[in-house]
Structures are given as C-alpha cells and as structure tokens.
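Below: one structure, written as structure tokens.
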Amino acid sequence: MRNLILTVVSFLCFATLYAKEPQSEILFDKTVHNFGKFTDANPVVTCKFVFKNVGEAPLIINQAIASCGCTVPSFTEKPVMPGETGEVTVTYNGKGRYFGPFQKIVTVTSNAATKHVRLYIKGEMEKAKQE
62 MRNLILTVVS FLCFATLYAK EPQSEILFDK TVHNFGKFTD ANPVVTCKFV FKNVGEAPLI
122 INQAIASCGC TVPSFTEKPV MPGETGEVTV TYNGKGRYFG PFQKIVTVTS NAATKHVRLY
182 IKGEMEKAKQ E
C-alpha cells in the first residue's frame, strides 16, 4: 500500500512538473517586403509587417533591431492578446546611400515560443532623372 501511494505521489509530481504553461506564438503575414525601384528624389520608404498572436498567452515584443542605421523599426508596444494582431513598421532612409540594390534585416525579439524572427526589406534606389 505504501508503494502504491508513493508511486501515485511521484506520478503527480512529475505530471505537474512537465505540464505546459500557456505560451504566446507570433505569426507574420510576410517576412520579406520588396520596395521595388525608387529614386533618391524620395529616398524614404516605409512598410508594415502585420503579425498575429496564435498562441494562448499575451505576446510582448521586447525589441526590434535593424542591421543598419538607415533602417528604423517601430512596433506595437502593448501586449498582444491571443488571436489579436500587431505590427512592426520599418522605415528605410536611402538619403546619402549608394545607388543600386539593397537588403536589410530587422530582428524582432519577443516572449513567443519562437523568440527571434527576422524580417527582410529589399529594393533598389536609382538616381533621379535630371530635367
């Protein structure tokens, strides 16, 4: 009888220990945005990456870091509840940059099961035609 009680108590302890807590999960509508071609007459371009919390707990974006100073991300700062959406806005400023194609990375860090997500922006800045 004592062994049976000890076995049941041990099982309950392990079951409690390994029980999963609800966790948030982030799902972006896209992870790449192509600005296409634009000129240095209007060198600042912006795009939005929409994400959804497909998990079971509130999602909190901790930070969004760009690979270059010419790229500035901003993001939804309040917790995103399960089933709700938020966004990461990325602005690229090509003023004073070289002409031609570019690709930049924004790394988004959150409390989701997938801690880090990389977002990519790309495009091609051309010299404006002189008239």
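Here the sequence shown is numbered in my numbering, starting from 62 and rising by one per residue.
Positions of the beta carbon are idealized from the N, C-alpha and C atoms, including for glycine.
For proline 143, there is no enclosing beta strand (DSSP E), since its DSSP letter is neither H nor E. Proximity of the stretch 98–118 to the stretch 177–191 meets the contact definition, three or more beta-carbon pairs being nearer than 8 Å.
In the DSSP assignment, glutamate 82 forms no beta bridge with any residue. In this structure, Val106 is the residue among Glu86, Ile87, Phe89, Val106 with its C-alpha nearest to the C-alpha of asparagine 95. Within the same chain, Cβ atoms closer than 8 Å to the Cβ of glutamate 145 are found at Lys113, Asn114, the five residues on either side in sequence being excluded. Separation of proline 83 and alanine 173 (C-alpha to C-alpha, rounded to the nearest whole angstrom) is 10 Å. Proline 134 is positioned such that its CB atom lies closer than 7 Å to that of alanine 127. Within the stretch 91–120, complete beta strand (DSSP E) segments of at least 3 residues are found at 93–100, 105–114, given in chain order. Looking at the DSSP output, threonine 175 sits in no beta bridge, so it has no partner there.
The C-beta separation of threonine 170 from lysine 176 comes to about 6 Å, placing the pair in contact by the 8 Å criterion. Around the beta carbon of tyrosine 153, 16 or more other beta carbons sit within 10 angstroms, so the residue counts as buried. The C-alpha of lysine 156 lies about 28 Å from the C-alpha of glutamate 138. Here tyrosine 181 carries a strand assignment [DSSP, helix/strand/coil].
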